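These notes concern the structure reproduced below.
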Amino acid sequence: MKKISYLVIALIVSALTVQSLSAQTKMVGGAAMYPTKDIIDNAVNSKDHTTLVAAVKAAGLVETLKGKGPFTVFAPTNAAFDMLPAGTVATLLKPENKGMLTTILTYHVLAGNHSSADLAAKIKAGKGTAEFTTVSGGKLWAMMKGKNIVLKDENGAMAKVSIADVNQSNGVIHVIDHVVTPMKK
């Protein structure tokens with residue numbers, strides 16, 4: 054009887070663990086994003102982020118984003134990159150523009166793990182706006198528009214978080230619908 058009780062307990066714990074992990078796994082770009090994988094290992098599987106992945110590779114940021122972190126990445130979709138003026142992405146991917154590309158990509162990254170609840174709390178504490186310093190050193194502002202978190206870049210352009218809290222082993226990704234850019238210097 055004791056063996057059956059232990060077996061039942063083991064099965065319940067196992068089922069709860071599987072349920073907990075599957076509850077944290079989100080679908081992005083047709084692929085499961087596993088919280089046990091790092092930002093890069095998940096992003097390469099998203100059909101909606103092939104442009105972002107190509108840009109990260111061209112900028113030499115793969116090892117950084119595979120690192121310990123934690124990082125908060127605001128990840129523009131392919132459609133977001135497609136909204137940029139014609140030729141912008143091709144120009145940024147050229148080796149001679151690696152510095153500019155790196156600055157733009159790291160403008161989409163915050164140090165630390167900032168969940169949507171954390172962002173919303175900071176927005177509330179800031180009476181409607183929260184200011185963040187990005188890894189590139191630029192400023193990015195977050196605010197609420199209805200139930201959505203919206204980012205505003207240094208040029209006044211806006212991006213909505215379309216999928217929040219895609220947890221990674223080294224941080225969190227929030228999918229956004231526009232590319233944000235720092236002020237040109």
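Start counting the sequence shown at 54; every next residue gets the next number (the working numbering). Heads up, the beta-carbon is just placed ideally off N, CA and C, and yes, glycines get one too. From a predicted model like this one, the values you see are computed outputs, not experimental measurements.
Enclosing beta strand (DSSP E) for residue i [first to last residue]
{"i": "residue 201", "result": "201 to 205"}
Contact check, residue i vs residue j, beta carbons under 8 angstroms
{"i": "residue 114", "j": "residue 155", "result": "yes"}
{"i": "residue 231", "j": "residue 129", "result": "yes"}
{"i": "residue 171", "j": "residue 131", "result": "no"}
{"i": "residue 162", "j": "residue 204", "result": "no"}
Segment limits, alpha helix (DSSP H) that includes residue i
{"i": "residue 155", "result": "151 to 159"}
{"i": "residue 178", "result": "169 to 178"}
{"i": "residue 163", "result": "Per DSSP, residue 163 belongs to no alpha helix (DSSP H); it is in the beta strand (DSSP E), 162 to 164."}
{"i": "residue 106", "result": "103 to 112"}
Cβ-based neighbour list, residue i, same chain, cut-off 6 angstroms, excluding 5 preceding and 5 following
{"i": "residue 88", "result": "77 and 220"}
{"i": "residue 106", "result": "96 and 97"}
Classification of residue i by the beta-carbon crowding that lies within 10 angstroms, buried from 16 upward
{"i": "residue 75", "result": "With a pLDDT of only 40 at residue 75, under 50, the local geometry of the prediction cannot be trusted, and no value is derived from it."}
{"i": "residue 112", "result": "buried"}
{"i": "residue 83", "result": "exposed"}
Cβ neighbours of residue i in the same chain (closer than 8 angstroms, five flanking residues each side left out)
{"i": "residue 90", "result": "221 and 222"}
{"i": "residue 109", "result": "93, 96, 115, 118 and 158"}
Own chain, CB closer than 7 angstroms to residue i, minus 5 neighbours either side, in chain order
{"i": "residue 81", "result": "99, 101, 216, 219 and 228"}
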